[in-house]
Amino acid sequence: MGAIPYSGGWLTPPGIDAPLAWLLLLPLLGALATAVLGSLFARRLGGRVAPALAVVAMLATLVAALVIFFTDVLPVGQRERIFRQPLFPLFVVGGIRVAFGLVMDPLSAVMVLLVTGLGSLIHLYAAFYMEGQGEEQGKDGRPRFFAFLNLFVFSMLLLVLADGFVPLFFGWEAVGACSYFLIGFWYRRAAAADAATKAFIVNRVGDAALLLGISMVLWGMGGVEMVTGAAAGQLGNVLTRNGPMVETGEGLQPSPGRQKIPVGPTLDFHELRDQLRLEMLPRAGATTNPVTGATADAARDVHFRPVAYLLNRKTLGHLPFLFVACVMLLLGAAGKSAQLPLFAWLPDAMAGPTPVSALIHAATLVTAGVYLLARLSFLFALSPGALTLVAVIGTLTALVGATAALVQNDLKRVLAYSTVSQLGYMFVALGAGAAGAGVFHVVTHGFFKACLFLAAGLVVHAVAATTAGADQRPDLAQDMRRMGGLARTLPAARWGYFAACSALAGLPFASGFFSKDLILTALAACDRLAISTPLLLAALGVTSFLTSLYAFRSYYLIFFARPQRDAAHEAHHAGQHGGHEGLGQRVMTAVVLLLAVGAVVVGPALGWPGNWTANQGESSLPRLLRFLAPMFEGDWPRRDVSGTPAIVEWGMQLGGAVVALLGWAVARALYRDAEATAPARRRLAERYAVVQRLFATGWQADRAYHLLAVAPARALAGAATWLDRAVVDRAVNAVAAMGMRLGWVAGVFDRHVVDGVVDGVSEAALAAGRRGARLQNGRINSYVLGIAAGIAALVVLAYFLGS
Amino acid sequence: MTPLGTLAAAPALATIGLGHFLVLSAVMFTLGLITAATRRSAVAILMGVELILNAAALNFVAFSHFSQGTITGQVFAVFVVVLAAAEATVALAIVLAVFRGFRTVDVTDVSTLKG
Chain A
542 MGAIPYSGGW
552 LTPPGIDAPL
562 AWLLLLPLLG
572 ALATAVLGSL
582 FARRLGGRVA
592 PALAVVAMLA
602 TLVAALVIFF
612 TDVLPVGQRE
622 RIFRQPLFPL
632 FVVGGIRVAF
642 GLVMDPLSAV
652 MVLLVTGLGS
662 LIHLYAAFYM
672 EGQGEEQGKD
682 GRPRFFAFLN
692 LFVFSMLLLV
702 LADGFVPLFF
712 GWEAVGACSY
722 FLIGFWYRRA
732 AAADAATKAF
742 IVNRVGDAAL
752 LLGISMVLWG
762 MGGVEMVTGA
772 AAGQLGNVLT
782 RNGPMVETGE
792 GLQPSPGRQK
802 IPVGPTLDFH
812 ELRDQLRLEM
822 LPRAGATTNP
832 VTGATADAAR
842 DVHFRPVAYL
852 LNRKTLGHLP
862 FLFVACVMLL
872 LGAAGKSAQL
882 PLFAWLPDAM
892 AGPTPVSALI
902 HAATLVTAGV
912 YLLARLSFLF
922 ALSPGALTLV
932 AVIGTLTALV
942 GATAALVQND
952 LKRVLAYSTV
962 SQLGYMFVAL
972 GAGAAGAGVF
982 HVVTHGFFKA
992 CLFLAAGLVV
1002 HAVAATTAGA
1012 DQRPDLAQDM
1022 RRMGGLARTL
1032 PAARWGYFAA
1042 CSALAGLPFA
1052 SGFFSKDLIL
1062 TALAACDRLA
1072 ISTPLLLAAL
1082 GVTSFLTSLY
1092 AFRSYYLIFF
1102 ARPQRDAAHE
1112 AHHAGQHGGH
1122 EGLGQRVMTA
1132 VVLLLAVGAV
1142 VVGPALGWPG
1152 NWTANQGESS
1162 LPRLLRFLAP
1172 MFEGDWPRRD
1182 VSGTPAIVEW
1192 GMQLGGAVVA
1202 LLGWAVARAL
1212 YRDAEATAPA
1222 RRRLAERYAV
1232 VQRLFATGWQ
1242 ADRAYHLLAV
1252 APARALAGAA
1262 TWLDRAVVDR
1272 AVNAVAAMGM
1282 RLGWVAGVFD
1292 RHVVDGVVDG
1302 VSEAALAAGR
1312 RGARLQNGRI
1322 NSYVLGIAAG
1332 IAALVVLAYF
1342 LGS
Chain B
7 MTPLGTLAAA
17 PALATIGLGH
27 FLVLSAVMFT
37 LGLITAATRR
47 SAVAILMGVE
57 LILNAAALNF
67 VAFSHFSQGT
77 ITGQVFAVFV
87 VVLAAAEATV
97 ALAIVLAVFR
107 GFRTVDVTDV
117 STLKG
């Protein structure tokens, strides 16, 4: 077992041990075992079999991921950390061979560790959280729940380990299906069933776009081979280039040794990336572009990329082909990652159990879109228009999500809109070409959002235990207006929530601070966007303030603001006599605290800013970005290798810190003693009721969907109905009427002609019979006479006929 | 040559020839037929039938006499007589049975089997 450096070869035969496959098999087997054994042995061994199996499977996956990471990925040289594991061929269409393969490279390694790490903690939490929660009509739903939870992790791992678009799409769809099952876990509640359907349908829109985008990439790469192969005078559709870029004393230089790069349509990420980044070095002395024939500036021509050039030159109608393809891929990612315009499903997805929300928001599903764009950053880098669109969508989503989170009263909806907003930040990073910063934010966000959700789960459990009717109305227990003063009764949840809130708000030295700062710095340094970056920066600055404000608003409303009802006392009561035994409560609290530590520590550990260290050059990059660097560097021709000016980074850090602290201060002033500020807030709310309503409804996203999609669909359905009634039905009726007329005519004919003939025949037979019967008069004399006459007639006949 | 031709060719007042027998036979047959066809009494009809049978037997005998070497006709005449006797026996039995059933032998009244 060892890392196989990517050689551009097709389907190396799988070894006896396929460690990457184990990463998929373990959660898959876990899901099967949970579903089958969990249900079979539930009666004999109790309902805890299913959670136990699921947690064990998940922990095994985590161990496998760690072992692979530390034995196969980390020790390998930084630029050879591409560990491919082809599993089996799927199909061959024309010249395109599609295989099912996995790849572990720095990007998927980060995602795998995130998914398995957070997944394990969330599984552990859920095992106790779901005690007594999974009952539907007396049937324990926990085997179903934990099987889908494991399957969810399996799908996400498949998605991030996929080496090409096809396995990725499998994972993509499986993640969508699992989210549907889990959001709709309480399927007898109409709200949950509706939310699941909504998530599924909105995701379908994105998935359709993704499929189109994948097809367009494949289509666009067709035809590349001939031109390049012939023009470049190379063998077949294989170009050779000098070896991979290696780090020397003077920056990146091509290493000696030729390497074959297959050129042409492919669905494999690394093959696609290699050929798009294929750089052709001019022959000694020649400054002529081998494809265009143009004489070019020799210095620029060094980095001429024929395949990318050809792909970039294509158009579709009046639009650049690549731009359209990237927009399609972006739409797919936006659907999964809840970005404008496809974000409204995520707040509704809160209808699922809280651990599911944590899993969806922190580790799986919504990060899939960010991952896809990071994975394809080499493709987006070729289309500045698409990058601009990504950045703009990200900024708008961040702003919309933050404003919506500000006015929600439902605790989980605050967190949901917060996720939407934070995903917007990640998209901004991707749009600014800083995919590494985006992935970094995925990691930090994963920790603090998981912590927020799980702490919220503790709170909701405690409140639900004291709220009458919470079984039927789960939203009652999530209403922040009914909480308050819980700091004393739930200290662990309170401190966990506080740590995660500071990370979310980007308070200095909490993890969100580092990742957001990196994103903003990258945006400030980005000069490729077709929109003014200061504008985007300003919007994101406002968003940062709002983020801090809504995060601490929820914190103070839950834990401090004086209860409007006697919630504190009741919750205190519940804390002592709640539905959980001591062990479960302790484990869940421990998980929350662990995540809280992660929420604070992960940022500085992986992303200590470069301007805070004395290092120079690449080693000054934050650790995670250095690890990810081979995945993203050189995605576009290096024109300027100069890094971000340190002053920009310092400015962003200072600005971010100030804005975050300001938000905290405002939230503390407004909500710490909610009763005292209530009149002022009420006046404010009355004056800006329209704005509040706009924010609370997520900028009327549902109404927009209704106007743009649902209403036209209904109108179309109505028109179709009218068409059906007025035209189709009428035609059918006319045909039917004609048939009836025809039938009447046929009936008349039948009665009079056919029946007449039949009756006539029988009448004739009867008449003949009656006539004939008269001969049989019963008188022997006449018979004798008849005989004699007959004989006489025969004789006469014989006389005339004979002789 | 037809029998009538033979008859016509016979010399006048010569010995009684075949033609005489045939004429007699034909007259007897006709009388018998008329009797059978017109009488309403079953017994009378039987008598008519006897006449017909005897006319036929006379023909057999006559042809046998005027042809050489065979006695087939005479044998048939004997057959006819036997047949007639048998017929009369059966027929009279039937008539008797009819009389018992209907108290009449008038064939026009015995029409139960009429369709």
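Note that the protein sequences, when read in sequence, are chains A and B. For this note's numbering, count along the first sequence from 1 and bump the result up by 541. For this note's numbering, count along the second sequence from 1 and bump the result up by 6. Backbone N, C-alpha and C define an ideal beta-carbon position, used for all residues, glycine too.
For this session: Specify the secondary structure class of residue 1005/A as computed by DSSP and reduced to three states.
Result: For the purposes of this step, residue 1005/A is taken as the residue at position 464 of the first sequence. When secondary structure is reduced to three states using DSSP, residue 1005/A falls in the helix class.
For this session: Would you give the residue range spanned by the beta strand (DSSP E) that residue 806/A belongs to?
Result: Along the first sequence, read from residue 1 onward, the residue named residue 806/A stands at position 265. For residue 806/A, no beta strand (DSSP E) run applies, since DSSP gives it neither H nor E.
Exercise. Does residue 39/B have its Cβ less than 7 Å from a Cβ in chain A?
Worked result: Locating residue 39/B in the second sequence gives position 33, where the first residue counts as 1. Using a CB distance cut-off of 7 Å, residue 39/B counts as an interface residue toward chain A.
For this session: Return no unless some Cβ of chain B is closer than 7 Å to the Cβ of residue 1325/A.
Result: By 1-based counting over the first sequence, the position of residue 1325/A is 784. Yes - at least one Cβ of chain B is within 7 Å of the one on residue 1325/A.
Exercise. Do residue 704/A and residue 639/A have their CB atoms nearer than 7 Å?
Worked result: Mapped onto the first sequence, residue 704/A falls at position 163. Mapped onto the first sequence, residue 639/A falls at position 98. For residue 704/A and residue 639/A, no; Cβs fall outside 7 Å.
Exercise. Is it true that the CB of residue 27/B sits closer than 7 Å to the CB of residue 91/B?
Worked result: Position 85 of the second sequence, counted from the start, is the residue given in the question as residue 91/B. Position 21 of the second sequence, counted from the start, is the residue given in the question as residue 27/B. No, these two residues do not count as a Cβ contact at 7 Å.
Exercise. Does any CB atom of chain A fall closer than 7 Å to the CB of residue 8/B?
Worked result: Numbered from its first residue, the second sequence carries residue 8/B at position 2. Summary for residue 8/B: the model assigns pLDDT 48, below 50, so the residue's position carries little reliability, and this model does not support an answer.
Problem set entry | Near-chain A residues of the region 50-63 of chain B - C-beta to any C-beta below 7 Å | Flagged, chain order: 51.
Problem set entry | Three-state secondary structure assigned by DSSP to residue 529/A | The structure shown has nothing for residue 529/A, since chain A only spans 542 to 1344.
Problem set entry | Within-7 Å CB hit, residue 1332/A to chain B | Against the first sequence, residue 1332/A aligns to sequence position 791. So no, residue 1332/A is outside the interface.
Exercise. Quick one: Cα of residue 1116/A to Cα of residue 1026/A, how far?
Worked result: Start at 1 with the first residue of the first sequence, and residue 1116/A comes out as number 575. Start at 1 with the first residue of the first sequence, and residue 1026/A comes out as number 485. Bear in mind that the predicted position of residue 1116/A carries a pLDDT of just 47, short of 50, making it too unreliable to give a figure here.
Problem set entry | Alpha carbon of residue 51/B to alpha carbon of residue 42/B, nearest angstrom | For the purposes of this step, residue 51/B is identified with residue 45 of the second sequence, where counting begins at 1. For the purposes of this step, residue 42/B is identified with residue 36 of the second sequence, where counting begins at 1. Here the alpha carbons of residue 42/B and residue 51/B stand approximately 4 Å from one another.
For this session: Count the other C-beta atoms from every protein chain shown that fall within 10 angstroms of the C-beta of residue 1274/A, then say buried if there are 16 or more, exposed otherwise.
Result: Counted from its first residue, the first sequence places residue 1274/A at position 733. Taking all protein chains shown into account, residue 1274/A has fewer than 16 neighbouring C-beta atoms within 10 Å of its C-beta and is therefore exposed.
Problem set entry | Near-chain B residues of the region 1293-1322 of chain A (beta-carbon distance less than 8 Å), N- to C-terminal order | Those residues of the region 1293-1322 of chain A that come within reach of chain B (Cβ to Cβ, closer than 8 Å) are 1314, 1317, 1318, 1319, 1320, 1321 and 1322.
Exercise. Near residue 753/A, which residues of its chain fall below 7 Å by C-beta distance, leaving aside the five closest residues on each side in sequence?
Worked result: In the first sequence, residue 753/A corresponds to position 212, counting from 1. Answer for residue 753/A: 869, listed in chain order.
For this session: Count the CB pairs spanning the region 1065-1074 of chain A and the region 969-983 of chain A that are closer than 8 Å, and state whether there are at least three.
Result: Yes, the region 1065-1074 of chain A touches the region 969-983 of chain A.
Problem set entry | For residue 1148/A and residue 1205/A, the rounded distance between their alpha carbons | Numbered from 1 along the first sequence, position 664 holds the residue referred to as residue 1205/A. Numbered from 1 along the first sequence, position 607 holds the residue referred to as residue 1148/A. Distance between the alpha carbons of residue 1205/A and residue 1148/A: 23 Å.
Exercise. Closest Cβ-Cβ distance between residue 1329/A and chain B: below 7 Å?
Worked result: Translated into positions along the first sequence, residue 1329/A becomes position 788. Yes, contact with chain B.
For this session: Measuring only between beta-carbons, confirm whether residue 86/B sits less than 7 Å from chain A.
Result: What you label residue 86/B is simply residue 80 of the second sequence in a count that begins at 1. Chain A, which has no Cβ nearer than 7 Å to the Cβ of residue 86/B, makes this no.
Exercise. What number of angstroms, rounded off, separates the C-alpha of residue 1133/A from the C-alpha of residue 896/A?
Worked result: In the first sequence, counting from the first residue as 1, residue 1133/A sits at position 592. In the first sequence, counting from the first residue as 1, residue 896/A sits at position 355. In a straight line, the C-alpha of residue 1133/A is about 12 Å away from that of residue 896/A.
For this session: Would you mind giving the Cβ-Cβ distance between residue 1097/A and residue 1208/A, rounded to the nearest angstrom? I have them listed as a contact below 8 Å.
Result: Numbered from 1 along the first sequence, position 556 holds the residue referred to as residue 1097/A. Numbered from 1 along the first sequence, position 667 holds the residue referred to as residue 1208/A. Contact holds; Cβ gap of about 6 Å.
Exercise. By Cβ distance, which residues of its chain are closer than 7 Å to residue 572/A, with the 5 residues on each side in sequence left out?
Worked result: For the purposes of this step, residue 572/A is taken as the residue at position 31 of the first sequence. 688, 691, 692 and 695.
Problem set entry | residue 880/A, DSSP secondary structure in three states | Numbered from its first residue, the first sequence carries residue 880/A at position 339. In the three-state scheme derived from DSSP, where H, G and I count as helix and E and B as strand, residue 880/A is classed as coil.
Exercise. In whole angstroms, what separates the C-alpha of residue 758/A from that of residue 863/A?
Worked result: Within the first sequence, numbered from 1, the residue matching residue 758/A stands at position 217. Within the first sequence, numbered from 1, the residue matching residue 863/A stands at position 322. Rounded to whole angstroms, residue 758/A to residue 863/A spans 8 Å at the Cα level.
Exercise. In angstroms, rounded to a whole number, what distance separates the CA positions of residue 878/A and residue 884/A?
Worked result: The residue you call residue 878/A lines up with position 337 of the first sequence. The residue you call residue 884/A lines up with position 343 of the first sequence. The alpha-carbon atoms of residue 878/A and residue 884/A are separated by roughly 8 Å.
For this session: Tell me whether residue 1304/A is buried or exposed, calling it buried when 16 or more other Cβ atoms sit within 10 Å of its Cβ.
Result: Start at 1 with the first residue of the first sequence, and residue 1304/A comes out as number 763. The C-beta of residue 1304/A has fewer than 16 other C-beta atoms within 10 Å across all chains shown, which makes the residue exposed.
Exercise. What residue from 926/A, 933/A, 966/A and 924/A has the CA that sits closest to residue 943/A's CA?
Worked result: Within the first sequence, numbered from 1, the residue matching residue 943/A stands at position 402. It is 966/A whose Cα lies nearest to the Cα of residue 943/A.
Problem set entry | Any chain A beta carbon closer than 7 Å to residue 43/B | If you number the second sequence from 1, residue 43/B lands on position 37. Yes, because at least one Cβ of chain A sits closer than 7 Å to the Cβ of residue 43/B.
For this session: Could you tell me the distance, in whole angstroms, from the CA atom of residue 730/A to the CA atom of residue 1162/A?
Result: Walking along the first sequence from the start, residue 730/A turns up at place 189. Walking along the first sequence from the start, residue 1162/A turns up at place 621. C-alpha of residue 730/A to C-alpha of residue 1162/A: approximately 49 Å in a straight line.
Problem set entry | Beta carbon proximity, residue 114/B to chain A, threshold 7 Å | Within the second sequence, numbered from 1, the residue matching residue 114/B stands at position 108. Output row for residue 114/B: interface = yes.
Exercise. What does DSSP give as the partner residues of residue 638/A in its beta bridges?
Worked result: Numbered from 1 along the first sequence, position 97 holds the residue referred to as residue 638/A. DSSP output for residue 638/A lists 633/A as bridge partner(s).
Exercise. Leaving out the 5 sequence neighbours to the left and right, which residues in its chain are closer than 8 Å to residue 636/A when beta-carbon positions are compared?
Worked result: For the purposes of this step, residue 636/A is taken as the residue at position 95 of the first sequence. Contacts found: 805 and 806.
Problem set entry | chain A residues whose Cβ lies nearer than 9 Å to that of residue 117/B | Taking the second sequence and counting its residues from 1, the one referred to as residue 117/B is at position 111. Chain order gives the chain A residues near residue 117/B as 1318, 1319 and 1320, where near means a beta carbon separation below 9 Å.
Exercise. Quick one: Cα of residue 1060/A to Cα of residue 934/A, how far?
Worked result: Locating residue 1060/A in the first sequence gives position 519, where the first residue counts as 1. Locating residue 934/A in the first sequence gives position 393, where the first residue counts as 1. Cα-Cα distance, rounded: 15 Å.
Problem set entry | Sub-7 Å separation of residue 873/A and residue 751/A beta-carbons | Sequence index remark: in the first sequence, residue 873/A carries index 332 (1-based). Sequence index remark: in the first sequence, residue 751/A carries index 210 (1-based). It is a contact, given that the beta carbons lie within the stated cut-off.
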